[in-house]
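Notes for the one structure printed next.
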Amino acid sequence: MATRARVRAPELIGKGGWLNTGGNQYTLADLRGRIVVLDFWTFCCINCLHVLDELRELEEKHRDTVVIIGVHSPKFVHEAEHQAVVDAVERYQVHHPVLDDPELATWKQYAVRAWPTLVVIDPEGYVVAQHAGEGHAHAIEKLVEELEAAHAAKGTLRRGDGPYVAPEPVATDLRFPGKAVLLPSGNFLVSDSTRNQLVELEPDGESVVRRIGDGRFNEPQGLALLPDGRVAVADTVNHAIRAYDPESGGIETIAGTGRQWWQGSPTSGPALEVALSSPWDLAWWGDRLWIAMAGVHQLWSYDPAAGTVEVAAGTTNEGLVDGPAAEAWFAQPSGLAATEERLWIADSETSAVRWIDRDLVVHTAVGTGLFDFGHRDGAADQALLQHPLGVTALPDGSVAISDTYNHALRRFDPATGEVTTLATDVREPSGAVLVGDDIVVVESARHRLTRLRLPEEAVRVEAVAHRTRRAATEVAPGTLRLDVVFQAPAGQKLDTRYGPSTRLLVSSTPPELLRDGDGAGSDLSRELEIDPAVTEGVLHVSAMAASCDDDPANEYPACHVHQQDWGVPVRVSSDGVSRLPLVLAGMDEA
Numbered sequence: 007m008a009t010r011a012r013v014r015a016p017e018l019i020g021k022g023g024w025l026n027t028g029g030n031q032y033t034l035a036d037l038r039g040r041i042v043v044l045d046f047w048t049f050c051c052i053n054c055l056h057v058l059d060e061l062r063e064l065e066e067k068h069r070d071t072v073v074i075i076g077v078h079s080p081k082f083v084h085e086a087e088h089q090a091v092v093d094a095v096e097r098y099q100v101h102h103p104v105l106d107d108p109e110l111a112t113w114k115q116y117a118v119r120a121w122p123t124l125v126v127i128d129p130e131g132y133v134v135a136q137h138a139g140e141g142h143a144h145a146i147e148k149l150v151e152e153l154e155a156a157h158a159a160k161g162t163l164r165r166g167d168g169p170y171v172a173p174e175p176v177a178t179d180l181r182f183p184g185k186a187v188l189l190p191s192g193n194f195l196v197s198d199s200t201r202n203q204l205v206e207l208e209p210d211g212e213s214v215v216r217r218i219g220d221g222r223f224n225e226p227q228g229l230a231l232l233p234d235g236r237v238a239v240a241d242t243v244n245h246a247i248r249a250y251d252p253e254s255g256g257i258e259t260i261a262g263t264g265r266q267w268w269q270g271s272p273t274s275g276p277a278l279e280v281a282l283s284s285p286w287d288l289a290w291w292g293d294r295l296w297i298a299m300a301g302v303h304q305l306w307s308y309d310p311a312a313g314t315v316e317v318a319a320g321t322t323n324e325g326l327v328d329g330p331a332a333e334a335w336f337a338q339p340s341g342l343a344a345t346e347e348r349l350w351i352a353d354s355e356t357s358a359v360r361w362i363d364r365d366l367v368v369h370t371a372v373g374t375g376l377f378d379f380g381h382r383d384g385a386a387d388q389a390l391l392q393h394p395l396g397v398t399a400l401p402d403g404s405v406a407i408s409d410t411y412n413h414a415l416r417r418f419d420p421a422t423g424e425v426t427t428l429a430t431d432v433r434e435p436s437g438a439v440l441v442g443d444d445i446v447v448v449e450s451a452r453h454r455l456t457r458l459r460l461p462e463e464a465v466r467v468e469a470v471a472h473r474t475r476r477a478a479t480e481v482a483p484g485t486l487r488l489d490v491v492f493q494a495p496a497g498q499k500l501d502t503r504y505g506p507s508t509r510l511l512v513s514s515t516p517p518e519l520l521r522d523g524d525g526a527g528s529d530l531s532r533e534l535e536i537d538p539a540v541t542e543g544v545l546h547v548s549a550m551a552a553s554c555d556d557d558p559a560n561e562y563p564a565c566h567v568h569q570q571d572w573g574v575p576v577r578v579s580s581d582g583v584s585r586l587p588l589v590l591a592g593m594d595e596a
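Residue numbering for the sequence shown follows our numbering, starting at 7 and increasing by one per position.
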């Protein structure tokens, strides 16, 4: 039987250099003898943040044999700034070396197509597996155990301390705060995300009254006042909603199980029995609490009277599609603000501001999709934002936008249809609170609240427009074979007990790019028909596979869901490829 050629791992190159190594620079030769897991991530990506959490147990359990290296590969222009990467590594408590690759050099060498992607390199320096998306930690754990045994027997495994060096801690009252709310007392309550707590500040926005948490929260974000006087807290990494009582100091879980929601899980039911996924912001609208569920690109709602949660808008598909709430697409909604008639939404990955009306129809005010962003004022259909995380309703009916990656406070006025800039040089604003004639901005990367007077006139900013910088894949017109590669981890098999265990959803922007092959199905391979009249576009591919332990003696085998969304920029060319492989798990051997 012919054996597949072994592929030597390309070198690690990044113009930004290494973080979390005490100033040391590394090559793959320096890591020979260790099992290396490359985590291609970017800090805007909620799925990447999920994978950081998934890897923590592996990182600790195999600390003397495994080296995890984060290869930071930016999507947005802001993410290519070195200091922004330094901030993100601290903000998200990354406890392994990170290579800052602002020009995507290593990304291209490894032919990566999606965030997040994990690549496993054996102790002799060969690529042995690739996984895209979430849910692969168990498979990598199994592979690591096999590699440890095989290379220990060969004498090619080297044990010992890894290259990680923790940075020096910095003393500030807040550390990467997320959101804030004004309490009836006039004090501010702030989610101090990196320190896993809430902080109450006096009306000056600086003096600390008390710290709340004591291990109860994990990177909390959104806050909202409830009608009973308590404050709802989006406990993001705990996948839960808590209620904090400022009078008694009590903290109660009101929604979520503490486990992350996966495809196939319940989407409604008793609030404490339904899993959530990275709730990022909250707003009271109508008679319920609305939840920006960033982890699954949806909005959910919590009904305190019934004690239930349910999906309120979105399909879990990532993108920008308006219409009835149940059919709309979002991309990591991260900010909410309620008025009498509208629920405003900061839809971060599409660099968009959107809203839902009382008839539960979704509209887009600013933004065009996943790939266009920048800083441009003017008519809303031409204006550009860059990964906004917050929206704040203003008394005149307009909305202030925390335009996070532009370091700006922007404004959209529905009456004029215009977007303007209110303030610049606010470092990574993630939310804002109206206080009289002032607006208090959560300046996350400066670790503080900043009070601004709402200006009479907008600030003039030179217009800048960008597109996501990934190189387009050249595809031939006509038939394009799409293969999502999935190999069940060792000791597992596809779970077919209740029907097909795989799912594939394909669409395109513009829709005319695909003459045939769009829609949903269970086969992970499909023939697409590319229209030669459309010169370029984006293929949107969403894949899911469920695998279970292959042990006939076990009546209740452990099962795992593997899933990933790809947005693949393509250019139609007569010299283009006729097959597009996307690796969900395993290696493409075709």
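Think of the CB as a built atom: it goes at the ideal place given N, C-alpha and C, for glycine as much as any other residue.
These numbers come from a predicted model, not from an experiment.
Helix, strand or coil at residue i [DSSP, three-state]
| i | result |
| --- | --- |
| V4 | Only positions 7 to 596 of the chain appear in the structure, and residue 4 is not among them; the question remains open. |
| T9 | In this predicted model, T9 has a pLDDT of only 44, less than 50, meaning its place in the structure is not dependable enough to derive any value. |
| K499 | strand |
| I297 | strand |
| A477 | coil |
| D241 | strand |
| L460 | coil |
| Q203 | strand |
| D571 | strand |
| S274 | strand |
| I127 | strand |
| I74 | strand |
| A159 | helix |
| S354 | helix |
| I19 | coil |
| D36 | helix |
Inter-residue Cα distance where the pair is residue i and residue j
| i | j | result |
| --- | --- | --- |
| G292 | V315 | 15 angstroms |
| A496 | A238 | 43 angstroms |
| A552 | K81 | 29 angstroms |
| T370 | S357 | 11 angstroms |
| H568 | H157 | 28 angstroms |
| E434 | H137 | 31 angstroms |
| A421 | T515 | 30 angstroms |
| M7 | Y116 | At M7, the pLDDT of 32 sits below 50, so the modelled position is not reliable and the matter cannot be decided from this model. |
| T123 | G139 | 6 angstroms |
| A145 | G573 | 24 angstroms |
| L486 | G523 | 9 angstroms |
| I218 | L519 | 52 angstroms |
| P16 | F336 | 36 angstroms |
| P276 | A312 | 8 angstroms |
| H566 | G592 | 15 angstroms |
| Q643 | K160 | Not covered by the structure: residue 643. The range shown for the chain is 7 to 596. |
| A155 | P129 | 11 angstroms |
| I260 | G235 | 15 angstroms |
Extent of the continuous beta strand (DSSP E) to which residue i belongs
| i | result |
| --- | --- |
| R521 | L520 to D522 |
| L229 | P226 to L231 |
| T508 | T508 to T515 |
| Q304 | Q304 to D309 |
| V448 | D444 to E449 |
| Q136 | Y132 to A138 |
| A549 | E542 to D555 |
| A312 | Careful: A312 lies outside any beta strand (DSSP E) and carries neither H nor E. |
| A343 | P339 to A344 |
| W47 | I41 to W47 |
| T485 | G484 to F492 |
| S436 | P435 to V441 |
Opposing strand residues paired with residue i [DSSP bridges]
| i | result |
| --- | --- |
| T398 | A406 |
| E154 | According to DSSP, which records beta bridges pairwise, E154 is partnered with nothing at all. |
| I218 | L204 |
| E424 | A385 and D419 |
| Y250 | V237 and I257 |
| G292 | Paired residues: none, contrary to the question. |
| P330 | V367 |
For residue i, the first and last residue of its enclosing alpha helix (DSSP H)
| i | result |
| --- | --- |
| R181 | From DSSP, R181 is part of no alpha helix (DSSP H); its letter is neither H nor E. |
| A94 | H88 to R97 |
| A111 | A111 to Q115 |
| D59 | I52 to K67 |
CB contact below 8 angstroms: residue i versus chain D
| i | result |
| --- | --- |
| L391 | In the structure shown, chain D cannot be found, because there is only a single protein chain. |
Runs of beta strand (DSSP E) wholly within the stretch 356-396 (minimum 3 residues, chain order): If we require 3 residues or more, the beta strand (DSSP E) runs fully inside the stretch 356-396 come out as 358-362, 367-372 and 378-381.
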